[in-house]
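To start, the structure under review is shown below, and the notes come after it.
In full-length UniProt numbering, the protein residues as written are 1 to 433.
As structure tokens, then:
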């Protein structure tokens, strides 16, 4: 392998660890391993923590156990817990005996929490203070702990049993008199979450209270970790990705799309596609049921795609708005009645507008009766599609299912089947001799 040129050497020495990791991702695994080995251990661990989990896992399998253990010790607590969960049982046992007991226990504790919870994304690298300390003592303690802490801008005050009794910001310590007790300058009721709190709620709490980190406490008040704003943002990004997958009726997967295999992508997509095929059979059955009407008035077929697509589009709009509002906490299940009534008014106005647009086309293609059928159907299917799109997310939330599943193809399939039945029912009623 050719030696590094000057530009690459400078980049390795000066680049941010995130940029260095992004560059390493572009290299073959053996080349990335060689580049990592040339870095000082702290920088190596920092860059390793920014690699994608799949890359970390691949490199971990290639590294000697002692080298991997050295990197794990230097990594941030939450990053090494994520790596530990990605390794197989055999790979874990390969490195655990080489870790210091305190690091080994910390990894096991952090990796024991279920994915999607505050416990799964928290870190144990935080600063704790005693309420009896003076501001000067607290600053001295911060100097000793700063190198290993995830953040020092807020410290957490614990009693003798490890229960959280307050928190104090760095600038308040700096501005306080040196002999001022921490108990006098701390915030005595800090915002906190439990280990089982959903990671989306954690992210919303951090944003709502505009804090850099939020403490995670057990039911007895003991502080077990903190979730920093960057980890909450990563978790929220993962949740948003999952919502997009569900909106497209793809079963969620956490693997990078670039690394996903054909078999995995097939299995994630085929389930809903197959189910929606059966859903679309209802549309075909509806067309077959009204075959005589269609044969008598062939011009009706011209408007069929327009009408059912309008119903599906209106439903998708409503569903997308509602799914996002539920995800951000903007609305709750108790708001269902008011929102449905408002959606009915909005849908009626949309349907009337679209009916006025298509009525002249109906008159041009088939006369006044066809115009009446098309306009009336447009009005009805837009209202029905909008109500279906608005209601399904609420229904799924009530059933404790992900409301994102209600969007896109699912709403469109339901709206299509209903639209066909409404269209030809109206046509049969108006045009029957």
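For every residue, glycine included, the Cβ atom is placed at its ideal position computed from N, Cα and C.
These figures come from a predicted structure and were not determined experimentally.
Is the Cβ-Cβ distance between residue i and residue j less than 7 Å?
i: residue 238; j: residue 202; result: no
i: residue 155; j: residue 165; result: no
i: residue 178; j: residue 135; result: yes
i: residue 162; j: residue 222; result: yes
i: residue 420; j: residue 319; result: no
i: residue 122; j: residue 216; result: yes
i: residue 437; j: residue 358; result: Because residue 437 is not part of the residues shown, which for the chain are 1 to 433, the question remains open.
i: residue 103; j: residue 73; result: yes
i: residue 150; j: residue 55; result: no
i: residue 30; j: residue 77; result: no
i: residue 189; j: residue 129; result: no
So, with DSSP's three-state summary, where would you put residue i?
i: residue 225; result: strand
i: residue 330; result: coil
i: residue 308; result: helix
i: residue 125; result: coil
i: residue 26; result: coil
i: residue 298; result: coil
i: residue 342; result: helix
i: residue 64; result: coil
i: residue 424; result: helix
i: residue 160; result: coil
i: residue 367; result: coil
Can you find the residues in the same chain that come closer than 8 Å, C-beta to C-beta, to residue i, ignoring five residues on each side of it along the sequence?
i: residue 376; result: 355, 426 and 430
i: residue 343; result: 318, 386, 387 and 390
i: residue 280; result: 413, 416 and 417
i: residue 398; result: 333
i: residue 346; result: 386
Once the 5 residues before and after residue i are set aside, which same chain residues still bring their CB inside 7 Å of it?
i: residue 113; result: 119, 120 and 195
i: residue 283; result: 416, 417 and 420
i: residue 434; result: This structure does not reach residue 434, given that the chain is present from 1 up to 433, and the question cannot be answered.
i: residue 304; result: 423
i: residue 310; result: 354, 378, 381 and 382
i: residue 96; result: 104
i: residue 50; result: 17, 18 and 21
i: residue 146; result: 152
i: residue 125; result: 76, 77, 148, 149 and 150
i: residue 41; result: 70 and 74
If you drop the 5 nearest sequence neighbours on each side, which residues of the same chain put their C-beta closer than 6 Å to that of residue i?
i: residue 48; result: 71
i: residue 366; result: 299
i: residue 434; result: Outside the modelled stretch of the chain, which goes from 1 to 433, sits residue 434, for which no answer is possible.
i: residue 374; result: 303, 358 and 362
Count the other CB atoms within 10 Å of the CB of residue i; is the residue buried (16 or more) or exposed (fewer)?
i: residue 143; result: exposed
i: residue 278; result: exposed
i: residue 69; result: buried
i: residue 337; result: exposed
i: residue 38; result: exposed
i: residue 393; result: buried
- Segments assigned alpha helix (DSSP H), at least 4 residues, entirely inside the segment 69 to 152: 77 to 86, 89 to 95, 101 to 111, 118 to 121 and 135 to 145
- Query: Along the chain, which unbroken stretches of the alpha helix (DSSP H) at least 4 residues long are found entirely within the UniProt domain "CBS" (186 to 242)?
  - Reply: 199 to 209
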